[in-house]
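Heads up: the sequence shown begins at 29 in my numbering, then just goes up one per residue.
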Amino acid sequence: TEGLTDGEIRRVFDALDVDKSEQITRVELGDGLRAIGLRPNEAAMSELWEAMMAQDSGDGALSFQEFRSFCRDRESELRATFDSMDLDQDGKLSVEEVGRALRRYGVEATPSTITRNMSLLDPNKDGVLTFDEFRRLSLLLPNAEVEKLFSSSEEQFNYGYYSIPKSDTKSQHSAGTVFCSGGMAGLISRTVTAPADRIKVTMQASTEQGTTVGSTIRQIVKQGPLSFWKGNGANVVKIIPESGVKFFANDFFREQIVSDKENVMAHERLLAGSCAGVTAQTLIYPMEVVKTRLALAPEGLYSGIAGCARKVVRDEGFLSLYKGLGASNVGIIPYAGVDLAVYGTLKARWREENGPDRPPEWYHMLLMGATSSFVGQVCAYPLQLIRTRLQSAGLPGRKQYTGMGHVAVSYTHLTLPTKRIV
Numbered sequence: 029t030e031g032l033t034d035g036e037i038r039r040v041f042d043a044l045d046v047d048k049s050e051q052i053t054r055v056e057l058g059d060g061l062r063a064i065g066l067r068p069n070e071a072a073m074s075e076l077w078e079a080m081m082a083q084d085s086g087d088g089a090l091s092f093q094e095f096r097s098f099c100r101d102r103e104s105e106l107r108a109t110f111d112s113m114d115l116d117q118d119g120k121l122s123v124e125e126v127g128r129a130l131r132r133y134g135v136e137a138t139p140s141t142i143t144r145n146m147s148l149l150d151p152n153k154d155g156v157l158t159f160d161e162f163r164r165l166s167l168l169l170p171n172a173e174v175e176k177l178f179s180s181s182e183e184q185f186n187y188g189y190y191s192i193p194k195s196d197t198k199s200q201h202s203a204g205t206v207f208c209s210g211g212m213a214g215l216i217s218r219t220v221t222a223p224a225d226r227i228k229v230t231m232q233a234s235t236e237q238g239t240t241v242g243s244t245i246r247q248i249v250k251q252g253p254l255s256f257w258k259g260n261g262a263n264v265v266k267i268i269p270e271s272g273v274k275f276f277a278n279d280f281f282r283e284q285i286v287s288d289k290e291n292v293m294a295h296e297r298l299l300a301g302s303c304a305g306v307t308a309q310t311l312i313y314p315m316e317v318v319k320t321r322l323a324l325a326p327e328g329l330y331s332g333i334a335g336c337a338r339k340v341v342r343d344e345g346f347l348s349l350y351k352g353l354g355a356s357n358v359g360i361i362p363y364a365g366v367d368l369a370v371y372g373t374l375k376a377r378w379r380e381e382n383g384p385d386r387p388p389e390w391y392h393m394l395l396m397g398a399t400s401s402f403v404g405q406v407c408a409y410p411l412q413l414i415r416t417r418l419q420s421a422g423l424p425g426r427k428q429y430t431g432m433g434h435v436a437v438s439y440t441h442l443t444l445p446t447k448r449i450v
C-alpha cells in the first residue's frame, strides 16, 4: 500500500484549518474534528493535541509542515498496529483477527459488535479492512495502540471517538426489586397527578359544548375536595400487575423480534415495546374501565372497585369491561413511536453537542423524557378521547356508541358548526 501523499495530508489539514490561517490551533482542531464527524471528549482531545505538539516549533500551533510530520509518524505507528493484528499477513483485517487482537489486550467484544464497528471504517462493506480503510479514520485518533483504538465498557463498545451501544441491557436488579420500586413510584406519581387526570377524564367524557378547565374544576369541587381522587384506587391497584406483565412481555417479545441482541434496531424496539404495551393493556383493561366509571359516576351508583365491576357485568355484560380497548391499543402505536423517536432525537442531539463520553444529567433525562412523552400524548390524544367516551358509555345519561367510528363522527358533529356562521 502506498503511503500518504502530500495531497492527501493537505486535504486533511485544510479541513482542520477552519480559519484558513495555515495554522491549526487547539480550538480549531476540536472544531475541525467535529466538522468531519469525529467528536472527541476532553481527555481524547488533550492526548491528540499533545501528540501533535511533539512536532511544534514553539508557537503553540501546527503549520502544514509540522502536521505532515505528525501524519508520517502516526502512519508508521498505524502500520505496525495493523500488521500486528493481520495474523495471516494478507493485507486485510477480518472480524476474527480483530477479535483475537482485542482479546490479547484484554478487550472483550462479540463478533456482531466488532462487525458493526468495523463497518464504520469499511466503505465498500466487504467485511474486511484494508490498511487504507484502517488508516483513514485512525489517523486522527489520540493513540495508535490497539488497546487505545478499541475499548469496551459495560454499556458500550468504542472505536476511537465512536461510541455505540452494545445492546439494550436488562436491569441488573431482581424482578422483586423492579416491581416494588416501580409500584411505589407509580403509586406516588398517579396519586399526585390524580386531580389532573380526573379533570382530563371529565372533560373527555363531557358532551356539553363550551366545557373548559375552569368549569370542570368548579364542577368537581362541588362534590368535595376528595372528588379529585375518585377512581384513583383502581388506578393504583392495577400498577403491580401492569408493571409485571410489561416487564415479562417486553423481554418475551424482544426475544421473538430482535434479530441481533447486540444491535437492537429502532423498529424492533418499537415493535417489541408496542406488543408488550398491547399485552399489558389488554390484561389489565377492565381496571381502566372501572377507574373511568368510578371517576365519572354519580355519587352512590357504585360501592367500590369490586362493586363497580360486578354492576357493569350484570347490567351491560362482561364485554363492557373492554369498551374502548381497540382505541386504547391502536393509540399505543403512534404514542410509542413518537415518544421513542423524539426521545432518541433529543438524546442524539445531546451526544452531538456534548460528545459520547459525557452522559446527560438526571434533569436532562427528565426533560427529554417529559418532552417526548408530551409530544407522544398529543399525537395519540384523539384516540384517548375516543377510549374515554366508550368507557363511560353505560353511565346514566351518557350516549351509547357502537364503536370508534361512531364516537369520532358524533364528536365531529358536536364540536364543528353545521351551518355557515356569518
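Built from N, CA and C at the ideal position, the CB exists for glycine as well.
Please read all numbers here as calculations on a predicted model, not as lab measurements.
DSSP-derived helix/strand/coil call for threonine 219: As a position in the sequence shown, residue 219 is number 191, starting the count at 1. Helix at threonine 219.
Inspect the CB distances between the segment 345-363 and the segment 396-416 and report whether three or more fall short of 8 Å. yes
Rounded to whole angstroms, what's the CA-CA distance from alanine 43 to glycine 60? Just pull it up for me. In the sequence shown, counting from the first residue as 1, residue 43 sits at position 15. In the sequence shown, counting from the first residue as 1, residue 60 sits at position 32. Taking the straight line from one Cα to the other gives about 6 Å.
Thinking just about the alpha-carbon of each residue, which of Ser331, Glu36 and Ala364 is nearest to the one in alanine 304? Translated into the one-based positions of the sequence shown, residue 304 becomes position 276. Closest option to alanine 304, Cα to Cα, is Ala364.
Near valine 40, which residues of its chain fall below 6 Å by C-beta distance, leaving aside the five closest residues on each side in sequence? If you number the sequence shown from 1, residue 40 lands on position 12. Contacts found: none.
Inter-residue spacing [alpha-carbon to alpha-carbon] between glutamate 78 and phenylalanine 98: Looking up residue 78 in the sequence shown gives position 50. Looking up residue 98 in the sequence shown gives position 70. Each residue's alpha carbon lies about 11 Å from the other.
So, with DSSP's three-state summary, where would you put lysine 319? For this step, residue 319 is matched to residue 291 along the sequence shown. Reduced to three states, the DSSP call for lysine 319 is helix.
Alpha carbon to alpha carbon, what distance is there between serine 255 and lysine 447? The residue given as residue 447 occupies position 419 in the sequence shown. The residue given as residue 255 occupies position 227 in the sequence shown. Unreliable positioning characterises lysine 447 in this predicted model, as indicated by a pLDDT of 40, which lies under 50. The coordinate reading is nonetheless provided below. Each residue's Cα considered, the two are about 39 Å apart.
So, with DSSP's three-state summary, where would you put threonine 446? Here residue 446 refers to the residue found at position 418 of the sequence shown. In this prediction, threonine 446 scores a pLDDT of 40, lower than 50, which makes its location untrustworthy; the coordinate-derived value is nonetheless stated afterwards. Of the three classes helix, strand and coil, the one that applies to threonine 446 here is coil, per DSSP.
Other residues of its chain near glutamate 103: CB distance less than 8 Å, five sequence neighbours each side excluded: Position 75 of the sequence shown, counting from 1, holds the residue named residue 103. If we look at glutamate 103 and ignore the five residues flanking it on each side, its Cβ neighbours are Gly31, Leu32, Arg163 and Leu167.
Every unbroken alpha helix (DSSP H) within the segment 281-355, with a cutoff of 4 residues, ordered by chain: 294-324 and 333-344
Residue from Pro269, Val341, Gly404 and Lys375 whose Cα sits closest to the Cα of tyrosine 500: One cannot answer for residue 500 here, as it falls past the ends of the chain, which runs 29 to 450.
Could you give the DSSP three-state label for arginine 163: helix, strand or coil? Taking the first residue of the sequence shown as 1, we reach residue 163 at position 135. In the structure shown, arginine 163 sits in a helix (DSSP, three-state: H, G or I).
From glycine 58 to arginine 96, what distance separates their C-alpha atoms? For the purposes of this step, residue 58 is identified with residue 30 of the sequence shown, where counting begins at 1. For the purposes of this step, residue 96 is identified with residue 68 of the sequence shown, where counting begins at 1. Taking the straight line joining both Cα atoms gives about 18 Å.
Rounded to whole angstroms, what's the CA-CA distance from valine 265 to leucine 311? Just pull it up for me. Your numbering for residue 265 matches position 237 in the sequence shown. Your numbering for residue 311 matches position 283 in the sequence shown. C-alpha separation (whole angstroms): 13 Å.
Any contact of the segment 307-325 with the segment 229-240, i.e. 3+ C-beta pairs under 8 Å? yes
Would you call the CB atoms of leucine 324 and alanine 233 closer than 7 Å? Within the sequence shown, the letter at position 296 stands for residue 324. Within the sequence shown, the letter at position 205 stands for residue 233. Closer than 7 Å, so yes.
Tell me whether threonine 430 sits in a helix, a strand or coil according to DSSP, three-state version. Here residue 430 corresponds to residue number 402 of the sequence shown, with the count starting at 1. In the structure shown, threonine 430 sits in coil (DSSP, three-state: anything other than H, G, I, E or B).
Valine 40 lies in the alpha helix (DSSP H); which residues open and close that run? Residue 40 sits at position 12 when you count from the first residue of the sequence shown. First-last of the alpha helix (DSSP H) with valine 40: 34-44.
Determine, using beta carbons only, whether proline 362 and alanine 408 come nearer to each other than 7 Å. Here the question's residue 362 lines up with position 334 in the sequence shown. Here the question's residue 408 lines up with position 380 in the sequence shown. Yes, Cβ-Cβ distance for proline 362 and alanine 408 is below 7 Å.
Compute the Euclidean distance between the alpha carbons of valine 174 and glutamate 125, then round it to the nearest angstrom. Stepping through the sequence shown from its first residue, residue 174 is reached at position 146. Stepping through the sequence shown from its first residue, residue 125 is reached at position 97. Low confidence applies here, because valine 174 scores a pLDDT of 48, under 50, leaving its location unreliable and the question unanswered by this model.
Identify whether leucine 115 lies in helix, strand or coil by the three-state DSSP scheme. Here residue 115 refers to the residue found at position 87 of the sequence shown. Leucine 115: coil per DSSP, three-state reduction.
Would you kindly work out how many angstroms separate the C-alpha atoms of threonine 239 and lysine 339, rounded to a whole number? As a first step, residue 239 must be located in the sequence shown, where it is residue number 211. As a first step, residue 339 must be located in the sequence shown, where it is residue number 311. Rounded to the nearest angstrom, the two C-alpha atoms are 29 Å apart.
Sequence-distant residues of the same chain with beta carbon closer than 6 Å to arginine 282, five excluded per side: The count along the sequence shown starts at 1 and reaches residue 282 at position 254. Contacts found: Ala300.
Spatial neighbours of methionine 113 within its chain, please: CB distance less than 6 Å, with the 5 preceding and 5 following residues excluded, ordered by chain position. Along the sequence shown, one-based indexing puts residue 113 at 85. Closer than 6 Å at the Cβ level, and outside the excluded window around methionine 113, lie Leu121, Glu125 and Ala129.
Identify every run of the alpha helix (DSSP H) within the segment 364-431, keeping only runs that are complete inside it and at least 4 residues long; order them along the chain. 390-420
Give a yes or no on whether the C-beta atoms belonging to valine 286 and glutamate 270 are separated by under 7 Å. Locating residue 286 in the sequence shown gives position 258, counting from the first residue. Locating residue 270 in the sequence shown gives position 242, counting from the first residue. Against a cut-off of 7 Å, the Cβ pair of glutamate 270 and valine 286 comes out as no contact.
Determine the DSSP secondary structure at lysine 258, reduced to helix, strand or coil. Here residue 258 corresponds to residue number 230 of the sequence shown, with the count starting at 1. Coil at lysine 258, not helix or strand.
Any idea if arginine 377 is buried or exposed, counting beta-carbon neighbours within 10 angstroms, 16 or more meaning buried? Position 349 of the sequence shown, counting from 1, holds the residue named residue 377. Its Cβ having fewer than 16 others within 10 Å, arginine 377 is exposed.
Look at the alpha carbon of aspartate 367 and the alpha carbon of glutamate 75, and state the distance between them as a whole number of angstroms. As a working note, residue 367 is residue 339 in the sequence shown. As a working note, residue 75 is residue 47 in the sequence shown. So the two alpha carbons sit approximately 39 Å from each other.
Within a Cβ cutoff of 6 Å, which residues of the same chain sit near tryptophan 257, ignoring the five residues on either side of it in sequence? Mapped onto the sequence shown, residue 257 falls at position 229. Taken in chain order, the residues that qualify are Ala222.
Taking the beta carbon of serine 331 as the centre, do at least 16 other beta carbons fall within 10 Å, making it buried, or is it exposed? The sequence position of residue 331 within the sequence shown is 303, counting from 1. Answer is exposed; the Cβ neighbour count stays below 16.
Mind checking whether alanine 89 and glutamine 51 have CB atoms under 7 Å apart? As a first step, residue 89 is located in the sequence shown; it is residue number 61 there, counting from the start. As a first step, residue 51 is located in the sequence shown; it is residue number 23 there, counting from the start. Contact flag set, yes.
Cα separation between threonine 219 and proline 387? Locating residue 219 in the sequence shown gives position 191, where the first residue counts as 1. Locating residue 387 in the sequence shown gives position 359, where the first residue counts as 1. Distance between the alpha carbons of threonine 219 and proline 387 is about 31 Å.
With glycine 242 as the anchor, note down where its alpha helix (DSSP H) starts and where it stops. Within the sequence shown, the letter at position 214 stands for residue 242. Residues 241-249.
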